[in-house]
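Going by our numbering, the letters in the sequence shown line up with residues 3 to 329, in that order.
Yeah, the Cβ is synthetic: ideal placement off N, Cα and C, and Gly gets one too.
A quick note: this is a predicted structure, and the numbers were derived from the prediction, not measured.
Below is one structure, written out as structure tokens; comments come after it.
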Amino acid sequence: MSKLVDSFNRKHDYLRISLTDSCNFRCLYCMPDENMQCLPHKELMQPDEIYEIAKTFTNFNTNKIRLTGGEPLVRHDFSEIVEKLSQLPAEITLTTNGVLLHKYLKLFKDKGIKSVNISIDSLDPQVFQSLTKRNVLSRVWENILLYVEEGFHVKLNVVVMKGINDKEIVNFVELTKKLPLHVRFIEFMPFSGNQWEKDRVVTMPQMLQVIAEQESIAKLKDEVNDTAKKYMIQDAVGTFAFITTMSQPFCGGCNRMRLTADGKMKNCLFGKEEFDILGTLRKNEDILPVIQQCLFYKHKKMGGQFEDFKKVNPEDLTNRSMIKIGG
Ligand code: SAM
Ligand code: SF4
């Protein structure tokens, strides 16, 4: 029996590990401040520590680990971390901005990584640059095509913001006609200092309406614990989906646990509570009770911080910025 159960009887088997709080992009909604101070390397979990911590999770039925950040591929010891984690009985995946992916193709093939989530919020070079502060859309796009050609399951994460990239929703969906891509539109979420406004959120019903005006669409079956509501257009080879964190939260089936790059466990993206796993490991103490305590305190919904996104005042939320949590 799994020991990773919260007080609402939700079983937890999916761990998201942030490898760094630094990044080679400066996305408007995540890390807008060019001068943000990153953690010193010694405060980050080291490869052996990541392995030891992850092993405790997999010993208790965690079967999926996602590497994220910040940008996970900027860590100089990224390959060493993947080599170690690939020894554990869990599926390893990652979320990346994609700009360095070409360097890791061989590693991923060797270590059995089959699926990657690549973030790309615009197909227009100018909008891409204004969103990320980097002029690298063509490199990211080449890497998306490379990973598709090499047979990876490629999901594209698109954070949709009104007045910024919402005009491109149909363009993204149309990519799935000829390419086996799985586009996921993410509703814009509020975090510390990310200029979130409720009027910038484009909800799933609004996006669906725009798509249905242009294409004939079908609903697909969603998996248990899936955060995405999946659809496809007729005769397409790919799919599209919505991550409706704001308009239709999926907390009831939540199976996710998070580790920040400095080894703090969070039981929810929006939760303010943190539990010091790395500090406990460095004192040579058992981390399982700390993991269980973290799950015991998990709130029923939205980290206990809000119910209706239309009533959220971002100033009232206590949390790290997205880049410091790990998306
Ligand atoms: N650097 C990697 C990347 O961009 O894919 C991994 C980390 S990033 C924090 C993980 C995911 O969170 C990305 O898909 C990003 O678009 C998403 N994200 C960041 N801030 C967000 C926000 N305010 N609302 C919704 N999604 C957000
Ligand atoms: Fe970096 Fe990803 Fe955040 Fe963009 S979303 S600033 S790429 S961590």
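query, result
"How about Thr-134: is its Cβ closer than 7 angstroms to a heavy atom in the ligand SF4?", "yes"
"With C-beta atoms as the reference, is Leu-261 less than 8 angstroms away from Ile-55?", "yes"
"The beta strand (DSSP E) that contains Ser-121, what's its start and end?", "117–121"
"Quick one: which unbroken beta strand (DSSP E) runs of 3-plus residues sit fully inside the segment 19–102? Chain order, please.", "66–70 and 93–98"
"To the nearest angstrom, how far is it from the Cα of Lys-274 to the Cα of Met-304?", "10 angstroms"
"List the DSSP bridge partners of Asn-159.", "Ser-121 and Arg-186"
"Tell me, please, which residues DSSP counts as bridged to Leu-261.", "Ile-19 and Met-267"
"Which partner residues of Val-7 appear in the DSSP bridge assignment?", "Lys-13"
"Indicate the three-state DSSP secondary structure (helix, strand or coil) for Ala-214 in the structure shown.", "helix"
"Helix, strand or coil: which one does DSSP assign to Ile-279?", "helix"
"Give the straight-line distance between the Cα atoms of Leu-21 and Arg-68, rounded to the nearest whole angstrom.", "10 angstroms"
"Tell me the rounded alpha-carbon separation between Ile-146 and Glu-287.", "42 angstroms"
"Return the chain-ordered list of same chain residues with a C-beta closer than 8 angstroms to the C-beta of Lys-302, the five sequence neighbours on each side being excluded.", "Phe-10 and Cys-253"
"What does a CB cutoff of less than 6 angstroms around Met-324 pick up in its chain, not counting 5 residues either side in sequence?", "Cys-32 and Phe-193"
"Could you pull the DSSP bridge partners for Lys-231 from this structure?", "Phe-244"
"Under 8 angstroms between the Cβ atoms of Ala-263 and Gly-71?", "yes"
"So which of Asp-23, Leu-181 and Thr-58 has the shortest CA-CA distance to Leu-41?", "Asp-23"
"Measure the alpha-carbon distance for Asn-269 versus Met-259 and round it to whole angstroms.", "5 angstroms"
"According to the neighbour-count rule (16 or more other Cβ atoms, all chains shown, within 10 Å of its Cβ), is Phe-298 buried or exposed?", "exposed"
"Taking the CB atoms as reference points, tell me whether Ile-213 and Val-172 lie closer together than 8 angstroms.", "yes"
"Of all the options Asn-119, Ser-140, Val-118 and Ile-120, which has the alpha carbon lying nearest to the alpha carbon of Gln-128?", "Ser-140"
"Report back the beta-carbon spacing between Val-175 and Glu-189 to the nearest angstrom; my notes put them in contact at under 8 angstroms.", "So it is not a contact: roughly 16 angstroms between Cβ atoms."
"What is the rounded straight-line gap between the Cα of Lys-5 and the Cα of Phe-62?", "6 angstroms"
"Going by DSSP, which residues form a beta bridge with Ile-219?", "Ile-235"
"On the DSSP bridge list, what partners appear for Val-203?", "Met-163"
"Helix, strand or coil: how does DSSP classify Tyr-299 here?", "coil"
"What do you reckon, is the C-beta of Phe-59 under 7 angstroms from a heavy atom of the ligand SF4?", "no"
"Just tell me which of Glu-199, Phe-187 and Lys-221 has its CA closest to the CA of Met-1.", "With the chain represented from 3 up to 329, any question about residue 1 goes unanswered, as that position is not in the structure."
"I'd like the list of long-range same chain contacts for Val-150, defined as Cβ closer than 8 angstroms, with 5 residues on each side in sequence excluded.", "Val-156, Leu-181, Pro-182 and Leu-183"
"Hey, is Ile-325 close to the ligand SF4, as in C-beta under 7 angstroms from one of its heavy atoms?", "yes"
"Kindly indicate which three-state DSSP category Pro-127 falls into: helix, strand or coil?", "helix"
"Below 7 angstroms CB to CB, which residues in the same chain sit around Asn-227 once its five sequence neighbours on both sides are set aside?", "Gly-255 and Asn-257"
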